[in-house]
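Report on one structure; see the data block that follows.
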Amino acid sequence: MSVTLTLADDEPLVRSGLRMVLEGDPALEILGEAGDGVEALAMVRRLRPDVALLDIRMPGLTGIEVTERLAADPDLSATRVLVLTTFADDDYLVAAARAGASGYLLKSMTPESIRAAVHGVARGDMTLAPSLVARLVSEFSGARVSRDAQLDKLTGREVDVLEAIAQGRSNHEIATSLFVSEGTVKTHVAAILRKLGLRDRTQAAVAAYELGLVRPGRS
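Whatever position you read off the sequence shown (first residue = 1), add 1 for this note's numbering.
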């Protein structure tokens, strides 16, 4: 079954290049393109793709603002947002994480990595370019937001799963490392999101950074 997606970037050449990359995978179907944030938001609401690729910096509405509006719309809860950025130290990265984006890619990544990221986000996985993981870890390494109160809500196994999510592991990888089924991992993930009041795996990863479960140098 094909993964449907929309593409939004204010640079026509970038859109053209991304379209060529994505069309290299017959399992990906591009439903539409947009050149600014306002157009992108309207397009996603109209077409309801599985994945919305958004440039983080666009005129009209930024990728962050579009992400916030999509996350607040219950009718679009099935659409995952994949944010595109040019620089690993982009100041918008953390704001996009808080807004509810499911993944962050550098435009310089290989075609194979970009296509794999779209499939991963469509499956519900979190997708981060390695250099962007380092950026998030650095941003949150000193934050400790109600650590004890938050962690007390979780079982020990749920804490293990939360840490693994923050390390970018898929459900399959978590299941293998914990010697449980993928179904069990999905149950733990759902419980973590519910208990911490989070929307998706990416917000769970941000929470793990804030709670100090993931630190620079820890893998």
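Glycine residues also receive a C-beta, built at the ideal position from the N, C-alpha and C atoms.
> Can you round the beta-carbon distance between Ala205 and Leu194 to whole angstroms, since I take them to be within the 8 Å contact cut?
Replying inline: As a working note, residue 205 is residue 204 in the sequence shown. As a working note, residue 194 is residue 193 in the sequence shown. Rounded, the Cβ-Cβ distance is 6 Å, consistent with contact.
>> If I follow the unbroken beta strand (DSSP E) through Gly33, where does it start and stop?
In response: On the sequence shown, position 32 is the one that residue 33 refers to. Note, Gly33: beta strand (DSSP E), 29-35.
> Do Leu152 and Ala192 have their C-beta atoms within less than 9 Å of each other?
Replying inline: Position 151 of the sequence shown, counted from the first residue, corresponds to residue 152. Position 191 of the sequence shown, counted from the first residue, corresponds to residue 192. For Leu152 and Ala192, no; Cβs fall outside 9 Å.
>> For Leu23 and Leu29, which I take to be in contact (beta-carbon distance under 8 Å), what is that distance rounded to the nearest angstrom?
In response: As a working mapping, residue 23 is identified with position 22 in the sequence shown. As a working mapping, residue 29 is identified with position 28 in the sequence shown. With 8 Å as the limit, Leu23 and Leu29 qualify as a contact, their Cβ atoms being about 5 Å apart.
>> Report the CB separation of Gly33 from Met44 in whole angstroms; it is logged as a contact under 8 Å.
In response: Your numbering for residue 33 matches position 32 in the sequence shown. Your numbering for residue 44 matches position 43 in the sequence shown. Contact flag correct, Cβ pair sits at about 5 Å.
> Which same chain residues, not among the five before or five after Leu214, have their C-beta less than 8 Å away from its C-beta?
Replying inline: Counted from its first residue, the sequence shown places residue 214 at position 213. Excluding sequence neighbours, Leu214 sits near Val160, Leu163, Glu164, Ala167.
> Measuring CB to CB, does Val39 end up less than 9 Å from Leu83?
Replying inline: For the purposes of this step, residue 39 is taken as the residue at position 38 of the sequence shown. For the purposes of this step, residue 83 is taken as the residue at position 82 of the sequence shown. Their beta carbons are not under 9 Å apart, which means Val39 does not touch Leu83 by this criterion.
> So which of Arg49, Glu66, Thr188 has the shortest CA-CA distance to Ala123?
Replying inline: Counting from one through the sequence shown, the residue named residue 123 turns up at place 122. Nearest option by C-alpha distance: Arg49.
> Using the rule of at least 16 other Cβ atoms within 10 Å of the residue's Cβ for burial, across every protein chain shown, is Glu69 buried or exposed?
Replying inline: By 1-based counting over the sequence shown, the position of residue 69 is 68. Buried is the call here.
> Does Ala102 have its Cβ less than 9 Å from a Cβ in chain C?
Replying inline: Of the protein chains in the structure, only one exists, and it is not chain C.
>> Going by the DSSP bridge assignment, what does Asp56 pair with across the sheet?
In response: Walking along the sequence shown from the start, residue 56 turns up at place 55. Looking at the DSSP assignment, Asp56 forms a beta bridge with Leu85.
> When we look at the beta-carbon of Arg47 and count the other beta-carbons within 10 Å, is it buried (16 or more) or exposed?
Replying inline: Sequence index remark: in the sequence shown, residue 47 carries index 46 (1-based). By the neighbour-count rule (16 or more Cβ atoms within 10 Å), Arg47 is not buried but exposed.
>> For Met59, which residues in the same chain have their Cβ closer than 6 Å to its Cβ, ignoring the five residues on either side in sequence?
In response: The count along the sequence shown starts at 1 and reaches residue 59 at position 58. Asp11, Asp37, Gly38, listed in sequence order.
>> Could you give the first and the last residue of the continuous beta strand (DSSP E) run that contains Leu107?
In response: Looking up residue 107 in the sequence shown gives position 106. Unbroken beta strand (DSSP E) run through Leu107: 104-107.
> Counting only runs that start and end within the region 160-185, where is the alpha helix (DSSP H) found for 4 or more residues in a row?
Replying inline: 172-179
> Between the beta-carbon of Ala53 and the beta-carbon of Leu6, is there less than 9 Å?
Replying inline: Here residue 53 refers to the residue found at position 52 when the sequence shown is read from its first residue. Here residue 6 refers to the residue found at position 5 when the sequence shown is read from its first residue. Cβ atoms of Ala53 and Leu6: closer than 9 Å.
> Can you give the Cα-Cα distance for Arg81 and Gly64, rounded to whole angstroms?
Replying inline: Within the sequence shown, the letter at position 80 stands for residue 81. Within the sequence shown, the letter at position 63 stands for residue 64. Roughly 13 Å separates the two Cα atoms.
>> So if DSSP puts Val4 in a beta bridge, which residue, or which two residues, is it bridged to?
In response: As a first step, residue 4 must be located in the sequence shown, where it is residue number 3. Per DSSP, Leu29.
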